[in-house]
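**Q** Input: one structure, supplied below.
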Amino acid sequence: MKDRLIRILRQLDSYMGRYPVYLYLIDAEYRLLWSNQFLEEKLPHFDGSRPFCYQALWNREHPCDDCLLVQDLERQKVIKNVLQRSLQPEQDDRYLEFLTLPIFEGQDQPRGYLRIGVDITQSEKERLALQTQERLFASIIDSSADAIIFLDNNDRVLEWNRGAEDLFGYSAEEMIGQSILKIIPQELMEIGELYYIRKELQTRGYLKKYETQRLKKDGELIYVDITSTRILDSEGHPIGRSEIIKDITSRKELEFELRRTVLELSKLNELNELLYRTYEPREIFENILIAITSGEGLRFNRAIILLRDKKTNMLKGYLGVGPSDEEEAQAIWAELQDHYRSLQEVVSIYREKMGQREYQVHRIVQQLQVPIEKKKHLLVRALESRQVYQVQEGEVISGHLYDIHINGRSLMDILGTDSFVVVPLFSKQEGLGVIIADNCITNRDIASEDIESLKVFAHQASLAIENARLYQSLQDRIRELQDAYQRLEENQQKLLRAERLAALGEMAAKVAHEIRNPLVSIGGFANLITRRAPENTDIRKFAVIIKEQVLNLENILNNILNISRPPRSDKKLIDVNRIIHQVASVMGGAIEHRGIRLALNLNCFSGKVYGDEKLLYHALLNLFKNAIEAFEDLDRPGNITVQTHCDNNNVMIEVCDNGRGIDPAILEKIFQPFFTTKSSGTGLGLSIVKQIVESHGGEVVVDSRPGEGSCFRLVFPNRRQAPEESSEMGN
Ligand code: ADP
10 MKDRLIRILR QLDSYMGRYP VYLYLIDAEY RLLWSNQFLE EKLPHFDGSR PFCYQALWNR
70 EHPCDDCLLV QDLERQKVIK NVLQRSLQPE QDDRYLEFLT LPIFEGQDQP RGYLRIGVDI
130 TQSEKERLAL QTQERLFASI IDSSADAIIF LDNNDRVLEW NRGAEDLFGY SAEEMIGQSI
190 LKIIPQELME IGELYYIRKE LQTRGYLKKY ETQRLKKDGE LIYVDITSTR ILDSEGHPIG
250 RSEIIKDITS RKELEFELRR TVLELSKLNE LNELLYRTYE PREIFENILI AITSGEGLRF
310 NRAIILLRDK KTNMLKGYLG VGPSDEEEAQ AIWAELQDHY RSLQEVVSIY REKMGQREYQ
370 VHRIVQQLQV PIEKKKHLLV RALESRQVYQ VQEGEVISGH LYDIHINGRS LMDILGTDSF
430 VVVPLFSKQE GLGVIIADNC ITNRDIASED IESLKVFAHQ ASLAIENARL YQSLQDRIRE
490 LQDAYQRLEE NQQKLLRAER LAALGEMAAK VAHEIRNPLV SIGGFANLIT RRAPENTDIR
550 KFAVIIKEQV LNLENILNNI LNISRPPRSD KKLIDVNRII HQVASVMGGA IEHRGIRLAL
610 NLNCFSGKVY GDEKLLYHAL LNLFKNAIEA FEDLDRPGNI TVQTHCDNNN VMIEVCDNGR
670 GIDPAILEKI FQPFFTTKSS GTGLGLSIVK QIVESHGGEV VVDSRPGEGS CFRLVFPNRR
730 QAPEESSEMG N
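For what it's worth, my numbering labels the leading residue of the sequence shown as 10, then goes sequentially.
Encoded structure:
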């Protein structure tokens, strides 16, 4: 058989020419029986000296592993295997695909093998490269954190990577063959999202970073972005699409957070504007509280301000804003919600509502009073440490044990809620107060962002309060300066007037001096005539009138002289009662003449005034004269009452009348020189009285009611013995 077979093979080989096929025949022991020309040419060490195929072909000492397989070949079987060998030293491996045909000669076991091999190195390398690429691709897909899925034209899942498993919670087994609708939210289906995706792929061939939402197995909605590409077969027909789905939920959350923060900032800005719109402290406090509680503001249900009262050293409830119950809350909130309103509008609505009725929060505000020395009290602690404290379900969060009682009642009881937040208001120098904010109506949890916003706002509010205070004190200073300026102007005027008066006085004194002597003569002669003329004669009557008028003129002259050139005083201890008797007797005629009743209640017996008798006499004369004149044009009976009292310290003289009284509008002017309401008055009397009394260390007080009468009270220091050297007299 061998020879015949070899002959046939040779013939075959000659027909094949240089066709690149390796062809050889071996026996069961791998001994080389025949090989074709191509093989001999290609393999340099195939020189016939190596009898075994593995020695000739592969330059080895032992049968190759794959040839050993040949031994195990079952009968009648043809095997096909690929051998990877270096055919020549230092040459890259070649891949040869061999077909091994067992040769039987009637026995069960093959007697030899015909091997036919072709070089498939090129295609094998390509195949291996492809395989590597595929593996790489598969491992990329598999290890990707993003979900990568392949869908057929009917939106059925073909591939579902580990990323998709992790993202959606569905395993590949659960999803492969299933419709993608499983992960698309119903609402998005209803608005035609799938239709949109398909259309985009059809027109553009891809869809890039399309942001939407998908549904997880546990029902949670997540934000994703999808990049999808259409997949075409070799003939360009679409066979499906790939989708790379990225979870962007946290990014979206950050975006929302950012947007919220921006909104919050613009809101804070609006609040700020509101705060600086006024310098009126109460209005600022109202605005602060409304801003905290209005829907457009910081969204708390209720807010209360407590301020530090420096006088009483207490932290005291000052103002609160917030509805008393749900019904009331709805009434306000409904109005605010019907359309967008600026914060300013919200504030006016609140202010209007606040004025309309008594809210429960006002009663709460009144109960909130804590002495600042209670250092362990939560509210005092917040004020002094300038920190925010949150109370949640009755517990002070992350705080030590603080006292939360006011007059034996817990703050929770007073507020009617067990969750609230306390935020301090403070300036650079000191704590101003605290704000308590809660959600007593909705019971909504107080989120940390709410507290953060409130903190920022409270800081702004503190600045606004501080600002308003500075503004107020600036206003006060300006007012003081204006007052001082006005006083300065008045004093300047007075000075001018005084100078003019001094000049006038100088002249008046000269004239008065010249008139005085003739006047004394006229008075003396009138006195003589009164005494000598028979009673009830006209002469006597006229003489009395002359006497009175001379007295009057003397008084005027004295006043003029006093004011222009205060007389040198002659000081001694004076019994005021005696002087009053003297004045009463001098004025007796005039009093009697006008039908006035004079009552003297002189009760100062031991008291003495240290001073100038003439001056005191003159002062009292002026008061008597005014009292008499208080009845001018009145047709009712008049009473003048003169009283004296004294104690260890003071001697008091009171001259009262029940005459016309003094209009309150002019009361403070009556002591000014030249102020008079009388047609024939000089306006000097009271100013002289004041000057004399003050120069005796005393004071004048007037008490008067229009239509009822007036009382002039002179109070002097009581000196029962003359001081060594009086410093109080001044002149
Ligand atoms: P004159 O008496 O010259 O007006 P005075 O200085 O004594 O000046 O008084 C100033 C003014 O005070 C008077 O014009 C008068 O209006 C008011 N007056 C003073 N005493 C009395 C009094 N007893 N009753 C009512 N008015 C008085």
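The beta-carbon is built from N, C-alpha and C at its ideal position, and this holds for glycine as well. The structure presented is a predicted model; accordingly, all values stated were derived computationally and were not measured.
Is K226 helix, strand or coil when you go by DSSP?
**A** As a first step, residue 226 must be located in the sequence shown, where it is residue number 217. Of the three classes helix, strand and coil, the one that applies to K226 here is coil, per DSSP.
**Q** Please report the straight-line C-alpha distance between D256 and Q100, rounded to a whole angstrom.
**A** Numbered from its first residue, the sequence shown carries residue 256 at position 247. Numbered from its first residue, the sequence shown carries residue 100 at position 91. Answer to the nearest angstrom: the Cα atoms are 51 Å apart.
**Q** Please state the DSSP three-state secondary structure of T236.
**A** For this step, residue 236 is matched to residue 227 along the sequence shown. Three-state DSSP puts T236 in a strand.
**Q** Within a Cβ cutoff of 6 Å, which residues of the same chain sit near I235, ignoring the five residues on either side of it in sequence?
**A** Here residue 235 is taken as the residue at index 226 of the sequence shown, counted from 1. Closer than 6 Å at Cβ, skipping near neighbours: Y219, E252 and I254.
**Q** Using C-beta distances below 8 Å, list every residue in its chain close to Q469, excluding the 5 sequence neighbours before and after it, in chain order.
**A** Position 460 of the sequence shown, counted from the start, is the residue given in the question as residue 469. So the qualifying residues of the chain are L277, L280, N281 and L284.
**Q** Compare the C-alpha of C449 against each of L463, D422 and V443 and name the closest.
**A** Taking the sequence shown and counting its residues from 1, one reaches residue 449 at position 440. It is D422 whose Cα lies nearest to the Cα of C449.
**Q** Can we count D712 as close to the ligand ADP, meaning its CB is less than 7 Å from some heavy atom?
**A** Position 703 of the sequence shown, counted from the first residue, corresponds to residue 712. D712: no, Cβ never under 7 Å from the ligand ADP.
**Q** If you pair each beta-carbon of the stretch 498-518 with each one of the stretch 471-488, do three or more pairs fall below 8 Å?
**A** No, the stretch 498-518 is not in contact with the stretch 471-488.
**Q** For A521, list the residues DSSP reports as bridge partners.
**A** Locating residue 521 in the sequence shown gives position 512, where the first residue counts as 1. In DSSP, A521 forms no bridge with anything.
**Q** Going by beta carbon distance, what residues of the same chain come within less than 7 Å of N162, once the five residues before and after it are set aside?
**A** For the purposes of this step, residue 162 is identified with residue 153 of the sequence shown, where counting begins at 1. Within the same chain, N162 has close Cβ partners P247, I248 and G249.
**Q** Based on the DSSP secondary-structure assignment, which residues constitute the bridge partners of K581?
**A** By 1-based counting over the sequence shown, the position of residue 581 is 572. Bridge partners of K581: G620.
**Q** Report the option in L463, A608 and E135 whose CA atom is closest to the CA atom of L274.
**A** Your numbering for residue 274 matches position 265 in the sequence shown. It is L463.
**Q** My guess is that Y33 and C62 are in contact by the Cβ rule of under 8 Å, so how many angstroms apart are they, rounded?
**A** Residue mapping note: residue 33 aligns to position 24 of the sequence shown, counting from 1. Residue mapping note: residue 62 aligns to position 53 of the sequence shown, counting from 1. Yes, Y33 and C62 are in contact; Cβ-Cβ is about 6 Å, under 8 Å.
**Q** Whose C-beta lies closer than 6 Å to the C-beta of I671 among residues of the same chain, with five residues either side of it excluded?
**A** As a first step, residue 671 is located in the sequence shown; it is residue number 662 there, counting from the start. S713 and S719, listed in sequence order.
**Q** How is the beta strand (DSSP E) around L695 delimited, first residue to last?
**A** Residue 695 sits at position 686 when you count from the first residue of the sequence shown. Taken as a continuous stretch (DSSP letters only), L695 belongs to no beta strand (DSSP E), being part of the alpha helix (DSSP H) at G694 to S704.
**Q** With a 10 Å radius around its C-beta and 16 neighbouring C-beta atoms as the bar for buried, classify K385 as buried or exposed.
**A** Within the sequence shown, numbered from 1, the residue matching residue 385 stands at position 376. The residue is exposed, with fewer than 16 neighbouring Cβ atoms inside 10 Å.
**Q** Within 8 Å, do at least three Cβ pairs link the stretch 450-461 to the stretch 395-409?
**A** Cβ pair count under 8 Å is three or more, so yes.
**Q** Please say whether R144 and D128 have beta carbons closer to each other than 8 Å?
**A** As a working mapping, residue 128 is identified with position 119 in the sequence shown. As a working mapping, residue 144 is identified with position 135 in the sequence shown. No.
**Q** Thinking just about the alpha-carbon of each residue, which of G329, D656 and I406 is nearest to the one in H371?
**A** On the sequence shown, residue 371 is found 362 positions in, with the first residue counted as 1. Considering only alpha carbons, the answer is G329.
**Q** Which residues in the same chain have their Cβ closer than 8 Å to the Cβ of L625, if we skip the five residues on either side of it in sequence?
**A** The residue labelled residue 625 in the question sits at position 616 within the sequence shown. Correct list, in chain order: I583, V585, I588, V618, I701 and H705.
**Q** DSSP three-state label for V397, please.
**A** To locate residue 397, count along the sequence shown from 1; it is residue 388. V397 falls in the coil class under three-state DSSP.
**Q** Measuring only from the beta carbon, is K580 closer than 7 Å to any heavy atom that is part of the ligand ADP?
**A** As a first step, residue 580 must be located in the sequence shown, where it is residue number 571. No, Cβ of K580 sits at least 7 Å from all heavy atoms of the ligand ADP.
**Q** Across which residues does DSSP place M661 in a beta bridge pair?
**A** Stepping through the sequence shown from its first residue, residue 661 is reached at position 652. Per DSSP, H654 and V724.
**Q** Determine the contact status of L513 and R317, defining contact as a CB-CB distance below 8 Å.
**A** Along the sequence shown, one-based indexing puts residue 513 at 504. Along the sequence shown, one-based indexing puts residue 317 at 308. The answer is no: Cβ separation not under 8 Å.
**Q** Less than 7 Å between the CB of K623 and some heavy atom of the ligand ADP, yes or no?
**A** Taking the sequence shown and counting its residues from 1, one reaches residue 623 at position 614. No.
**Q** State the Cα-Cα distance for the pair P543 and P527, rounded to the nearest angstrom.
**A** Locating residue 543 in the sequence shown gives position 534, counting from the first residue. Locating residue 527 in the sequence shown gives position 518, counting from the first residue. If you take the alpha carbons of P543 and P527, they lie about 26 Å apart.
**Q** If you count every other CB in all the chains shown that lies within 10 Å of the CB of E734, and 16 or more means buried, which is it?
**A** Against the sequence shown, residue 734 aligns to sequence position 725. Below a pLDDT of 50, predicted positions are generally treated as unreliable, and E734, at 48, falls in that range; no measurement from the model is reported.
**Q** Taking C752 and N727 to be in contact with their CB atoms under 8 Å, please state how far apart those CB atoms are, rounded to whole angstroms.
**A** This structure does not reach residue 752, given that the chain is present from 10 up to 740, and the question cannot be answered.
**Q** Can you give me the Cβ contacts of L48 inside the same chain, cut-off strictly under 7 Å, excluding the 5 residues immediately before and after it?
**A** Residue numbering aside, residue 48 sits at position 39 when the sequence shown is read from its first letter. So the list reads Y31, L32, Y33 and F55, once near-sequence residues are dropped.
**Q** Figure out for me which residue from Y359, D459 and E168 has the closest Cα to the Cα of I299.
**A** Translated into positions along the sequence shown, residue 299 becomes position 290. I299 has its Cα closest to that of Y359, out of Y359, D459 and E168.
**Q** Across which residues does DSSP place P111 in a beta bridge pair?
**A** Indexing the sequence shown from 1 puts residue 111 at position 102. According to DSSP, P111 bridges with Y122.
**Q** Using the Cβ count rule (16 or more neighbours within 10 Å means buried), how would you classify V91?
**A** In the sequence shown, the residue the question calls residue 91 occupies position 82. Per the 10 Å Cβ criterion, exposed.
**Q** Ignoring anything shorter than 4 residues, give me the alpha helix (DSSP H) runs that lie fully in the stretch 10-72, in order along the chain.
**A** Qualifying alpha helix (DSSP H) stretches, in chain order: 11-25, 46-51 and 62-67.
**Q** Regarding G514 and the ligand ADP, is the C-beta to nearest heavy atom distance less than 7 Å?
**A** Taking the first residue of the sequence shown as position 1, residue 514 is located at position 505. No, the Cβ of G514 stays beyond 7 Å of every heavy atom of the ligand ADP.
**Q** Determine the closest residue to Q484 out of V465, L315, E663 and E289, with distance taken between C-alpha atoms.
**A** Stepping through the sequence shown from its first residue, residue 484 is reached at position 475. Checking every option, the nearest Cα to that of Q484 belongs to E289.
**Q** Please report the residue range of the beta strand (DSSP E) in which G326 lies.
**A** Here residue 326 refers to the residue found at position 317 when the sequence shown is read from its first residue. From DSSP, the beta strand (DSSP E) with G326 extends over M323 to V330.
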